[in-house]
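J.:
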Amino acid sequence: MVHGLELGLGCFLWLLICCKVAAQTDTQPRIINGSVARVEETRHLVSIRLRKHDNNFGSGHICGGALIAANKVLTAAHCLYNNGRKRYRRPSELIVVMGTLNRYEHPNGTIVSEVSSMAYMNTFSPDSMRDDVGVLFLRKGLIRPNPFSVAPIQLARQVTPAGRVCQVAGWGRTEQSTLSNILMTANVSTIREQTCRSIYKSGLLPGMMCAGRLQGGTDSCQGDSGGPLVHEGRVIGVVSWGYGCAEPGLPGVYVDVQYYQQWIDERSGVARSRTSPGLGLSFSLLLGLLTFTATIQYSCRYKR
Ligand code: ARG
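Here's what the structure looks like:
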């Protein structure tokens, strides 16, 4: 009789422990309700870090970004802005890490690069989040293509209709409200502009779009900012802001990449965007001048 009771109690305790463990594994860290990312689908994802906080490799993570050319990273302007100091960060304050799913690890093929320069829309406003788009130029970048762990991703060239399933990934906050060590990814859907506008009203500015799940539960979150929203293997958005994370009726707000396509395309490499238009101009001027003098000389000689 006593044995029976003990046995029963034992089983009950066992069950309790098992259930608790199961429940814990069920709520393991993820973007908000996502799953562990696979390398093949996130080779373009980079971790943008504050150098001075990254002495413990991985601890300086502030934002995500997408490699869109060998040395060019698309991100959010607010990732480059120090809100406390009300100024943009200097390129030397940042480092960019790519090729590792675990932000604390540094496996073979991981690239750690300094930032040689950056661009952001000068109309960006940290209050309204207007024009929250920026580009970083990497000092090291992709020296030779490393299709196993790092590869650039293309921008979408067409408008993505509402209701399309997209992927968002990052090391941002999870349900446990801390940043994730492992890169997480989640499926979210593009949301009709009208619906988005009725939710965020005048907060929704041109160049912003909604994606998420209206029933809540799955979303990007703090620390995912700057990371790409991907549809059919192309970037259509950049994580920008939201009210809380994964709240029902409050989807995430993303930068509409299509809207800024020209601006993004025009920022292409430090050498090209800074030096070479100047060089190009002086070169054309010089060429013009030479042709001009030659013509004058020629016509003078001819006249004479
Ligand atoms: N601004 C956040 C960041 O800096 C991203 C917030 C995204 N929020 C959301 N509910 N989707 O990381």
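Quick note, the sequence shown lines up with residues -23 to -1, 1 to 281 if you use mature numbering (1 follows the signal peptide of the UniProt record, and there is no 0).
Every residue, glycine too, gets a C-beta built ideally from N, C-alpha and C.
Measure the alpha-carbon distance for residue 94 versus residue 9 and round it to whole angstroms.
T.: As a working note, residue 94 is residue 117 in the sequence shown. As a working note, residue 9 is residue 32 in the sequence shown. About 32 Å.
J.: Are the CB atoms of residue 41 and residue 118 nearer to each other than 9 Å?
T.: Taking the first residue of the sequence shown as position 1, residue 41 is located at position 64. Taking the first residue of the sequence shown as position 1, residue 118 is located at position 141. Result no, Cβ atoms of residue 41 and residue 118 do not sit closer than 9 Å.
J.: Just to confirm, does residue 220 get its C-beta within under 8 Å of one of the non-hydrogen atoms of ligand 1?
T.: By 1-based counting over the sequence shown, the position of residue 220 is 243. It does: the Cβ of residue 220 is within 8 Å (strictly closer) of some heavy atom of ligand 1.
J.: Do residue 132 and residue 199 come within 9 Å of each other at the CB atom, strictly closer than that value?
T.: Counting from 1 along the sequence shown, the entry for residue 199 is found at position 222. Counting from 1 along the sequence shown, the entry for residue 132 is found at position 155. Not in contact: residue 199 and residue 132 (Cβ atoms no closer than 9 Å).
J.: Please report how far the alpha carbon of residue 214 lies from the alpha carbon of residue 106, in whole angstroms.
T.: Translated into positions along the sequence shown, residue 214 becomes position 237. Translated into positions along the sequence shown, residue 106 becomes position 129. Going by the C-alpha atoms only, they are around 14 Å apart.
J.: With respect to 8 Å, is the separation between the Cβ of residue 227 and the closest non-hydrogen atom of ligand 1 below this value?
T.: Residue mapping note: residue 227 aligns to position 250 of the sequence shown, counting from 1. Yes, the Cβ of residue 227 comes within 8 Å of a heavy atom of ligand 1.
J.: For ligand 1, is there any heavy atom lying closer than 8 Å to the beta carbon of residue 197?
T.: The count along the sequence shown starts at 1 and reaches residue 197 at position 220. Yes, since a heavy atom of ligand 1 falls inside the 8 Å radius drawn around the Cβ of residue 197.
J.: Roughly how many angstroms lie between the CA atoms of residue 71 and residue 78, to the nearest whole one?
T.: To locate residue 71, count along the sequence shown from 1; it is residue 94. To locate residue 78, count along the sequence shown from 1; it is residue 101. Taking the straight line joining both Cα atoms gives about 19 Å.
J.: How is residue 177 classed by DSSP in three states: helix, strand or coil?
T.: Within the sequence shown, numbered from 1, the residue matching residue 177 stands at position 200. Residue 177: helix per DSSP, three-state reduction.
J.: How would you call residue 58, buried or exposed, if buried means at least 16 neighbouring beta carbons within 10 angstroms?
T.: By one-based count along the sequence shown, residue 58 stands at place 81. Looking at its Cβ environment, which holds 16 or more other Cβ atoms inside 10 Å, residue 58 is buried.
J.: Quick one: what's got a C-beta closer than 7 Å to residue 192's C-beta in the same chain, skipping five residues either side?
T.: Position 215 of the sequence shown, counting from 1, holds the residue named residue 192. Excluding residues within five positions, the ones whose Cβ falls inside 7 Å are 225.
J.: Going by DSSP, which residues form a beta bridge with residue 159?
T.: Your numbering for residue 159 matches position 182 in the sequence shown. According to DSSP, residue 159 bridges with 79.
J.: Alpha helix (DSSP H) containing residue 241: first to last residue?
T.: Within the sequence shown, numbered from 1, the residue matching residue 241 stands at position 264. Run containing residue 241: 238 to 243, per the alpha helix (DSSP H) assignment.
J.: For ligand 1, is there any heavy atom lying closer than 8 Å to the beta carbon of residue 216?
T.: As a working mapping, residue 216 is identified with position 239 in the sequence shown. Yes, ligand 1 has a heavy atom inside 8 Å of this Cβ.
J.: What does residue 138 pair with, by DSSP beta-bridge criteria?
T.: Indexing the sequence shown from 1 puts residue 138 at position 161. According to DSSP, residue 138 bridges with nothing at all.
J.: Closer than 8 Å by C-beta to residue 256: which residues in its own chain qualify, once you throw out the five before and the five after it? Chain order, please.
T.: Residue 256 sits at position 279 when you count from the first residue of the sequence shown. At residue 256, the pLDDT of 41 sits below 50, so the modelled position is not reliable; the number obtained from the coordinates is stated separately. Closer than 8 Å at the Cβ level, and outside the excluded window around residue 256, lies no residue.
J.: Please list, in chain order, all residues of the same chain as residue 182 whose beta carbon is under 6 Å from its beta carbon, the five residues on each side excluded.
T.: Looking up residue 182 in the sequence shown gives position 205. If we look at residue 182 and ignore the five residues flanking it on each side, its Cβ neighbours are 107.
J.: Any heavy atom of ligand 1 closer than 8 Å to the CB of residue 189?
T.: For the purposes of this step, residue 189 is taken as residue 212 along the sequence shown, with counting starting at 1. Yes, the Cβ of residue 189 comes within 8 Å of a heavy atom of ligand 1.
J.: Tell me whether residue 202, by its Cβ, gets closer than 8 Å to a heavy atom of ligand 1.
T.: The sequence position of residue 202 within the sequence shown is 225, counting from 1. Correct: residue 202 has its Cβ closer than 8 Å to ligand 1.
J.: Beta-carbon within less than 8 Å of residue 101's beta-carbon, same chain only, minus the 5 sequence neighbours each way: which residues are those?
T.: Looking up residue 101 in the sequence shown gives position 124. Excluding sequence neighbours, residue 101 sits near 54, 55, 58, 107, 108, 109, 110 and 111.
J.: State the CB to CB distance for the pair residue 188 and residue 143, rounded to an integer number of angstroms; the pair is presumed to be in contact (CB under 8 Å).
T.: Translated into the one-based positions of the sequence shown, residue 188 becomes position 211. Translated into the one-based positions of the sequence shown, residue 143 becomes position 166. Correct: roughly 6 Å between the Cβ atoms.
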